[in-house]
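One structure is given here, and the rest of the page talks about it.
Residue numbers (my numbering), protein chains in the order written: chain A, 1 to 517; chain B, 1001 to 1315.
Structure (structure tokens):
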């Protein structure tokens, strides 16, 4: 028997990330204009389902929509679905689709498109493992999609609503195409015009867009969206100085991110508005629990005690940070609190030296690997190196490019410490944060039995309190065993020209519901 | 001459073969692949393996090598998954940007550098010589990325004369194209000015005391005429050599300039491909760069024949 439940009660924790300040709204919006956004990287692909890259998400989430997505506070909310009925045993999910929604090619969206899109995702999606529990997909009518699970997975709605590698819905005829090949046809407020690699992507307003009247206004990735700009151009500009210069001269209207130093320099510029989003990411130091020095828990504790976390954050982020030790954001549904963590996060060099003695440390070299593609990673590694040298450790810092670091860190040996900012994972909630530390290719290389238990409980416990307890247990274990170090929360600054009205910063620079003055 | 061209082109084939082998060898030696770029650091192993399979990244190296050379023999450099287009069309699309940037930059360097070198030689060891060589040295000493950023700040932000970056296609707006290219080409030219001016000066000084120059002066020709007609003609071979080498250096400099000014050229294509491990593009880019070098060297050799009648007779 199917019992209707509210999609965010019971099975889901209601998250509530702090809402960023919304720019001044000056009455009704005005249509027109080509808004130009600059972003550093170009998308690895515009196949939204197949990539977790921020550079792709910025663009594709203007074109595509999903059954469920996240609201302003990162809670799962319906987008192309009216809602979901979840059976009491947690094994059947029935999605009622919104009616009258059109694709950019003029075709009406039906459950056949939703089913084919989900099937494509299960085959090649960036988080396809999330659909493993789905045993069958059925379409009893044109506006109903039913997912039948072989085992309970209370994180299903959180998974399919995540923008990480979004579960977007595309026309059925596009779903048979391999990675990177589908025509970019979605249901979003903007439609695709052209992609010139190394230059730009251009979108234009979809005038037949059917806004979601279940909402009053824009709400995260969902809500009642209205496109005002005639077109949106995403330009790819690798050089930060050139991006800032373009905003100053008015050649660009929106920057996906601006470094803190530039924001301070331009704070009195009346033509520019800077918006701070805090938090944006975790800054972490991953430790290899399998190899060499850091296989020894006492030595990992020595690193934990030797690290001055605030010094690392201050330097690595140019001052755009907050000290927050928990492995979830405060105010969200799975926030495990920070009680008792001060003992682990306070720098104590004498204690660190005691741990070194207990570990029988004898001057062996600690291997830190860091990439030079993301400045905060390298800065964090450099500062930590000095802090460890200060307690008498021998440290080797190897700097590589991002793909080399990614390949090196997945090897079981050859590295001890790896700094990493986790951006989208903590925004999603606990599943990909806790999940990162489990499974056969866990980030700390050696599986931890307690964390494996936590992952299992998160995946199977139907009661929210049980899953919250699992996250708390995970956090305690990480600190007690010094499995990895949470350094702090990193912020980001998005910036616009002053004539871009009603802009609100978010995980992507949203170009709906804002307009030119 | 035709025989010379054919022989040189045939001699280039082993060079290109070695380059292609090195390019393929790099794919085996350098860690990382595009699946990791697409899925990020927290990808689950199952998702990563699935994508690698979808993209054919799990094929054994020998099979990939056979596929690549098979395609190459049919004139097919492969396909970039990240760009969703063939490598050949990706390169051909960007080649005009890089060639026009390099050509404009080198043209500017030659147009300013050769007269500057001749002036320095005509006024050797006097203040115009020192001023000209000092100017050339400044351009040579400045890093091109820094020069680019300073130009953006001064000409783009402060004075607002030129766009700060981006590319406009010549076919859509020729004037816009020129405005977009002036700063990057100028930055490239400044770095190439030094070698051209200094080589022109030293080559001119080598011939300025020779009999035919004295004869030209004795005929009553003006110094300008003597230098532009007689000295420059005799000094042209080493200047052409420097311009030929400069083309290669400028092609390298274009990689940086394209990044700074956000120009969609071959340099940016290859840098992006290296950073994301888009191997078909890296292989194609290396092969193309080697081919361009071979062709430019051949062109310089042909220009030697045009510039020096003695070489023409030997050929």
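Every residue gets a Cβ at the ideal spot worked out from N, C-alpha and C, and that includes glycine.
Go ahead and label residue i buried or exposed: buried means 16 or more other beta carbons lie within 10 angstroms of its beta carbon, across all protein chains shown.
| i | result |
| --- | --- |
| residue 328/A | buried |
| residue 1272/B | buried |
| residue 1078/B | buried |
| residue 213/A | exposed |
| residue 1218/B | exposed |
| residue 1231/B | buried |
| residue 431/A | buried |
| residue 11/A | Confidence at residue 11/A is low in this model, with a pLDDT of 45, below 50, so its placement is unreliable and no value can be given for it. |
| residue 63/A | buried |
| residue 1258/B | buried |
| residue 1256/B | buried |
| residue 1068/B | buried |
| residue 1224/B | exposed |
| residue 56/A | buried |
When you compare only the Cα positions, how much space is there between residue i and residue j?
| i | j | result |
| --- | --- | --- |
| residue 1176/B | residue 508/A | 31 Å |
| residue 1262/B | residue 1033/B | 24 Å |
| residue 204/A | residue 193/A | 7 Å |
| residue 1149/B | residue 1254/B | 14 Å |
| residue 425/A | residue 388/A | 28 Å |
| residue 103/A | residue 173/A | 12 Å |
| residue 314/A | residue 256/A | 22 Å |
| residue 1061/B | residue 1028/B | 7 Å |
| residue 464/A | residue 438/A | 21 Å |
| residue 1169/B | residue 247/A | 22 Å |
| residue 1038/B | residue 1203/B | 53 Å |
| residue 52/A | residue 1047/B | 11 Å |
| residue 371/A | residue 380/A | 11 Å |
| residue 394/A | residue 368/A | 11 Å |
| residue 503/A | residue 225/A | 13 Å |
| residue 383/A | residue 377/A | 10 Å |
Between residue i and chain B, is any beta-carbon pair separated by less than 7 Å?
| i | result |
| --- | --- |
| residue 448/A | no |
| residue 374/A | no |
| residue 214/A | no |
| residue 245/A | yes |
| residue 432/A | yes |
| residue 442/A | no |
| residue 403/A | yes |
| residue 259/A | no |
Spell out whether any CB of chain A is found under 7 Å from the CB atom of residue i.
| i | result |
| --- | --- |
| residue 1023/B | no |
| residue 1277/B | yes |
| residue 1081/B | yes |
| residue 1084/B | yes |
| residue 1283/B | no |
| residue 1164/B | yes |
| residue 1157/B | yes |
Taking 7 Å as the cut-off, decide whether the C-beta atoms of residue i and residue j are in contact.
| i | j | result |
| --- | --- | --- |
| residue 402/A | residue 373/A | yes |
| residue 1118/B | residue 1212/B | no |
| residue 68/A | residue 157/A | yes |
| residue 412/A | residue 445/A | yes |
| residue 1109/B | residue 1192/B | yes |
| residue 493/A | residue 474/A | no |
| residue 239/A | residue 1164/B | no |
| residue 1052/B | residue 1058/B | yes |
| residue 65/A | residue 175/A | no |
| residue 121/A | residue 49/A | yes |
| residue 458/A | residue 285/A | no |
Going along the chain, which residues of its own chain have a beta-carbon closer than 7 Å to the beta-carbon of residue i, five neighbours each way excluded?
| i | result |
| --- | --- |
| residue 1003/B | none |
| residue 4/A | Residue placement at residue 4/A cannot be trusted, given a pLDDT of 42 that sits under 50; what the coordinates show is reported in the next sentence. So the list reads 85, once near-sequence residues are dropped. |
| residue 1129/B | 1120 and 1123 |
| residue 293/A | 299, 364, 366 and 416 |
| residue 341/A | 325 and 479 |
| residue 344/A | 304 and 479 |
Return the chain-ordered list of same chain residues with a C-beta closer than 6 Å to the C-beta of residue i, the five sequence neighbours on each side being excluded.
| i | result |
| --- | --- |
| residue 436/A | 443 |
| residue 994/B | The first residue shown for chain B is 1001 and the last is 1315, placing residue 994/B beyond what the model contains. |
| residue 146/A | 94 and 138 |
So, at 8 Å on beta carbons, what are the nonlocal neighbours of residue i in its own chain, with the 5 sequence-adjacent residues on each side left out?
| i | result |
| --- | --- |
| residue 391/A | 302, 306, 349, 352, 353 and 356 |
| residue 337/A | 326 and 472 |
| residue 1090/B | 1080, 1083, 1269, 1281 and 1284 |
| residue 1097/B | 1167, 1258, 1263, 1264, 1265 and 1266 |
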